[in-house]
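Working notes, beginning with the structure itself.
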Amino acid sequence: MRDLVELTAAELLEGYAAGSFTPVDATESALRRIDECDGDLNAFVLVDRESAISSAEASAARWKAGETLGIGDGVPTSIKDMFITAGWPTLRGSTLIDDAGPWDADAPCVARLRETGAVLLGKVTTPEFAWKGTTDSERYGATGNPWDPATTAGGSSGGSSAAVGAGMGAWSVGTDAGGSVRIPAAFTGTVALKPTFGTVPMFPASPFGTLAHAGPMTRTVADAAMLMDIVSGFDSRDWAALPTPAGSFTDGLEDGIAGLRIAYSPTLGFGENAPDIDRLVRQAVGELEAMGAVVEEVDPGFADPVEAFHVLWFTGAAKVVAAYGPEALAKVDPGLREGIEQYADATAQDYLDATAVRMELGVLMGAFHQNYDLLVTPTMPITAFDRTRQAPEGWKSDLWTSWTPYTYPFNMTQQPAASVPCGVADNGLPVGLQIVAARTQDQLVLRAARAYEKASGEKFSRPVSVPAGQGTA
């Protein structure tokens with residue numbers, strides 16, 4: 022039998038139902054995997070073994086009695102340390118936050134996971150206030166990649182992707198305000214969905230406002246759809262929360278993509294890819310066409326909105342840091358401080374101008390999707406790089422947006438976007454395919470991601486063993 026840490030959430034649930042093993046077995050396996058791997062990966066900031074085993078025992082009793090709470094009952098799960106979690110500190114990778122608490126409330130997604138009986142293993146890493154595309158902080162150090170712990174797991178949900186990719190829990194929940202579930206998914210060969218804004222409610226509100234989404238991080242598309250069924254749904258604490266979906270995100274998952282109109286944009290008109298990434302993504306697009314999709318290579322027709330994104334991003338970050346007092350800025354991540362200082366003179370007019378760029382982009386993409394059901398791009402133009410760096414060696418800029426051109430535009434438009442593994446680059450590291458649809462068309466994104474995953478044989482989405490002694494926490 023395969024090691025339990027290699028099983029997906031769906032496979033674990035099948036095993037529980039058949040009596041092949043129990044949630045206690047799966048949880049103990051996940052905890053052992055954390056002991057084996059996390060010294061190299063540095064994905065967890067907190068592991069609560071006693072609570073996890075207790076939860077698993079309660080789940081095992083429910084399975085035995087035929088009284089399970091929901092589709093996540095007994096699944097070992099990690100939580101990004103941006104989500105408040107009752108009983109555990111939420112320190113957001115920052116030395117500014119006192120761990121004394123009180124920690125007496127759950128974020129909506131955490132509450133929903135508890136209600137379904139998921140086994141919460143602990144909290145996983147984030148850069149300070151989730152501000153960038155790598156996962157390192159002065160509080161916790163750098164998080165490594167299961168494929169090569171000396172390289173970054175991406176960010177800002179790098180702890181989630183490293184945990185899931187290495188089998189330290191079947192799934193996790195991350196945040197994405199500029200690419201933060203999709204970047205690490207691409208770097209670690211895992212699956213992630215940034216849902217339509219408001220589909221997964223958030224509380225407290227993100228400092229990055231209406232750029233910020235919460236979404237599933239898993240090893241398969243089916244698991245992502247199942248986790249969406251758990252964490253989506255109306256919560257009155259989120260003023261922008263959408264109504265609870267009427268159906269399941271698994272509905273139509275196996276329907277294929279024959280006849281769908283797909284626009285393939287290799288660079289969005291302004292990016293530049295490593296040659297092997299361009300080759301692998303083109304091959305993946307060819308597979309989509311072979312499955313019956315009608316594919317056209319076309320750019321959406323917008324210029325890089327990065328400057329408008331920066332205004333929205335760093336003014337939000339400044340507000341967060343200012344809440345910790347006048348001396349706080351001197352104590353944060355130097356890159357975060359530099360960005361805040363660069364936009365310190367931004368005016369209300371600058372913010373409104375950036376918002377206008379965002380609205381124009383949304384209108385353009387709305388019209389684009391009248392002609393195309395889906396837009397496909399690379400998730401990232403590069404593979405993972407040295408975990409101690411903020412950008413690849415010799416790159417034009419250390420700022421994370423300089424190497425993530427295909428992710429942040431779709432936070433500005435609030436569209437659903439997924440990353441699914443599409444191959445291994447010449448350096449032996451994973452590559453991601455990004456699939457984007459019009460707002461509220463999350464099921465269509467998952468359906469296309471599943472079709473590609475199925476055609477590719479799901480060979481890129483399994484956890485990878487971590488070589489002993491590699492990487493530095």
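Going letter by letter, the sequence shown gives residues 22 to 494 in my numbering. C-beta: ideal position from N, C-alpha, C; glycine also. Just so it is clear, the structure is predicted and the values come from calculations on it, not from any experiment.
- Message: Just to check my reading of the structure: Thr-211 and Met-238 have Cβ atoms closer than 8 Å, yes? What is that Cβ distance to the nearest angstrom?
- Response: Reading the sequence shown from its first residue, position 190 is the one you call residue 211. Reading the sequence shown from its first residue, position 217 is the one you call residue 238. Indeed, because the Cβ distance is near 6 Å, the residues count as touching under 8 Å.
- Could you give the DSSP three-state label for Arg-282: helix, strand or coil? Counted from its first residue, the sequence shown places residue 282 at position 261. Reduced to three states, the DSSP call for Arg-282 is strand.
- Does the Cβ-Cβ distance between Thr-155 and Thr-173 come in under 7 Å? The residue labelled residue 155 in the question sits at position 134 within the sequence shown. The residue labelled residue 173 in the question sits at position 152 within the sequence shown. Taking 7 Å as the Cβ cut-off, Thr-155 and Thr-173 qualify as a contacting pair.
- In terms of residue numbering, what span does the beta strand (DSSP E) encompassing Met-189 cover? The count along the sequence shown starts at 1 and reaches residue 189 at position 168. Element bounds for Met-189: n/a, residue is neither H nor E.
- Task: Give, in chain order, every unbroken run of the beta strand (DSSP E) that is at least 3 residues long and sits entirely within the segment 408-493.
- Result: Complete beta strand (DSSP E) runs here, min 3: 438-445 and 451-458.
- Message: For Leu-263, which residues in the same chain have their Cβ closer than 6 Å to its Cβ, ignoring the five residues on either side in sequence?
- Response: By one-based count along the sequence shown, residue 263 stands at place 242. The answer, listed in chain order, is Gly-219 and Thr-220.
- The beta strand (DSSP E) with Lys-144 in it runs from where to where? Residue 144 sits at position 123 when you count from the first residue of the sequence shown. Unbroken beta strand (DSSP E) run through Lys-144: 140-145.
- Residues near Gln-491 in its chain [Cβ-Cβ closer than 8 Å; skip 5 each side]: The residue given as residue 491 occupies position 470 in the sequence shown. Only weak support is given to the placement of Gln-491: the predicted model assigns it a pLDDT of 38, under 50, and the question is left unresolved by the model.
- Message: Let me check one thing: in DSSP terms, what residues is Trp-109 bridge-paired to?
- Response: Residue 109 sits at position 88 when you count from the first residue of the sequence shown. According to DSSP, which records beta bridges pairwise, Trp-109 is partnered with Thr-106.
- First and last residue of the uninterrupted beta strand (DSSP E) at Ser-50: For this step, residue 50 is matched to residue 29 along the sequence shown. Ser-50 -> not in any beta strand (DSSP E); alpha helix (DSSP H) instead, spanning 44-62.
- Roughly how many whole angstroms lie between the Cα atoms of Pro-97 and Arg-303? For the purposes of this step, residue 97 is identified with residue 76 of the sequence shown, where counting begins at 1. For the purposes of this step, residue 303 is identified with residue 282 of the sequence shown, where counting begins at 1. For Pro-97 and Arg-303, the distance between alpha carbons rounds to 35 Å.
- Item | Candidates Leu-214, Asp-297 and Val-252, of which the one nearest Val-466 by Cα | Numbered from 1 along the sequence shown, position 445 holds the residue referred to as residue 466. Val-466 has its Cα closest to that of Leu-214, out of Leu-214, Asp-297 and Val-252.
- According to the neighbour-count rule (16 or more other Cβ atoms, all chains shown, within 10 Å of its Cβ), is Gly-373 buried or exposed? If you number the sequence shown from 1, residue 373 lands on position 352. Note that residue 373 is Leu in the sequence shown, not Gly. Exposed, by the Cβ-count rule.
- Message: Excluding the 5 residues flanking Leu-339 on each side, which residues of the same chain have their C-beta closer than 6 Å to its C-beta?
- Response: What you label residue 339 is simply residue 318 of the sequence shown in a count that begins at 1. Note that residue 339 is Ala in the sequence shown, not Leu. Take Ala-339, set aside five residues on each side of it, and the residues of its chain with a beta-carbon closer than 6 Å to its own are Ile-361, in chain order.
- Three-state secondary structure (DSSP) at Tyr-153? Stepping through the sequence shown from its first residue, residue 153 is reached at position 132. Looking at the sequence itself, residue 153 is Lys, so the reference to Tyr does not match. Of the three classes helix, strand and coil, the one that applies to Lys-153 here is coil, per DSSP.
- Every unbroken beta strand (DSSP E) within the segment 287-354, with a cutoff of 3 residues, ordered by chain: 315-318
- Task: Name, in chain order, the residues that DSSP records as bridge partners for Met-238.
- Result: Position 217 of the sequence shown holds residue 238. According to DSSP, which records beta bridges pairwise, Met-238 is partnered with Ser-193 and Ala-213.
- Message: Need the endpoints of the beta strand (DSSP E) that Asp-169 sits in, please.
- Response: Residue numbering aside, residue 169 sits at position 148 when the sequence shown is read from its first letter. From DSSP, the beta strand (DSSP E) with Asp-169 extends over 169-173.
- In angstroms with no decimal places, state the Cα-to-Cα distance between Glu-318 and Gln-455. Translated into the one-based positions of the sequence shown, residue 318 becomes position 297. Translated into the one-based positions of the sequence shown, residue 455 becomes position 434. Near 15 Å, if we compare the C-alpha coordinates of Gln-455 and Glu-318.
- Item | Spatially closest choice to Asp-297 from Leu-450, Asp-463 and Ser-115, by CA coordinates | Here residue 297 is taken as the residue at index 276 of the sequence shown, counted from 1. The residue with the shortest Cα to Cα distance from Asp-297 is Leu-450.
- Cβ pair Glu-149, Ser-115 closer than 7 Å: Here residue 149 refers to the residue found at position 128 when the sequence shown is read from its first residue. Here residue 115 refers to the residue found at position 94 when the sequence shown is read from its first residue. Between Glu-149 and Ser-115, the gap from beta carbon to beta carbon is short of 7 Å.
- What separation, rounded to the nearest whole angstrom, lies between the Cα atoms of Thr-48 and Gly-108? As a first step, residue 48 is located in the sequence shown; it is residue number 27 there, counting from the start. As a first step, residue 108 is located in the sequence shown; it is residue number 87 there, counting from the start. Using only the alpha carbons, I get a separation of about 19 Å.
- Would you kindly report the start and end of the unbroken beta strand (DSSP E) that includes Pro-399? Stepping through the sequence shown from its first residue, residue 399 is reached at position 378. Residues 395-399.
- Thr-428 and Gly-200 look like a contact to me (Cβ under 8 Å); what is the Cβ gap, rounded to whole Å? Position 407 of the sequence shown, counted from the first residue, corresponds to residue 428. Position 179 of the sequence shown, counted from the first residue, corresponds to residue 200. Rounded, the Cβ-Cβ distance is 3 Å, consistent with contact.
- Query: Considering Ser-75, what are the terminal residues of the beta strand (DSSP E) in which it resides?
  - Reply: Taking the first residue of the sequence shown as position 1, residue 75 is located at position 54. Not the beta strand (DSSP E): Ser-75 falls in the alpha helix (DSSP H), residues 70-86.
- Message: What does the alpha-carbon distance come out to for the pair Ala-51 and Gly-95?
- Response: For this step, residue 51 is matched to residue 30 along the sequence shown. For this step, residue 95 is matched to residue 74 along the sequence shown. Approximately 12 Å between the Cα atoms of the pair.
- Task: Can you grab the Cα-Cα spacing for the pair Asp-125 / Trp-416, in whole Å?
- Result: Here residue 125 refers to the residue found at position 104 when the sequence shown is read from its first residue. Here residue 416 refers to the residue found at position 395 when the sequence shown is read from its first residue. Near 44 Å, if we compare the C-alpha coordinates of Trp-416 and Asp-125.
- Query: Per DSSP, Thr-98 is paired with what?
  - Reply: Residue 98 sits at position 77 when you count from the first residue of the sequence shown. For Thr-98, which the question treats as bridged, DSSP gives the partners Leu-141 and Trp-192.
- Message: Within 10 Å of its beta-carbon, does Ala-86 have 16 or more other beta-carbons around it, so buried, or fewer, so exposed?
- Response: Walking along the sequence shown from the start, residue 86 turns up at place 65. With fewer than 16 other Cβ atoms within 10 Å, it is exposed.
- Query: Whose C-alpha, out of Pro-216, Ser-257, Ala-226 and Asp-256, is nearest the C-alpha of Ala-246?
  - Reply: Here residue 246 refers to the residue found at position 225 of the sequence shown. The residue with the shortest Cα to Cα distance from Ala-246 is Pro-216.
- Sort Pro-225, Leu-385 and Arg-300 by Cα distance to Val-131 and report the nearest one. Position 110 of the sequence shown, counting from 1, holds the residue named residue 131. When only C-alpha atoms are compared, the closest one is Pro-225.
- Item | The alpha helix (DSSP H) enclosing Pro-129, as first and last residue numbers | By one-based count along the sequence shown, residue 129 stands at place 108. Pro-129: member of the alpha helix (DSSP H) spanning 129-136, first to last residue.
- Would you call the segment 430-446 and the segment 202-211 touching, i.e. three or more CB-CB distances under 8 Å? yes
- Note down, in chain order, each residue of its chain lying with its Cβ closer than 6 Å to the Cβ of Met-223, except the 5 sequence neighbours on either side. By 1-based counting over the sequence shown, the position of residue 223 is 202. Only Ala-235 and Asp-259 meet the Cβ criterion.
- Helix, strand or coil: how does DSSP classify Val-252 here? On the sequence shown, residue 252 is found 231 positions in, with the first residue counted as 1. The answer is helix: DSSP assigns Val-252 an H, G or I state.
- Message: Going by beta-carbon coordinates alone, are Val-452 and Gly-444 separated by less than 7 Å?
- Response: Position 431 of the sequence shown, counting from 1, holds the residue named residue 452. Position 423 of the sequence shown, counting from 1, holds the residue named residue 444. Closer than 7 Å, so yes.
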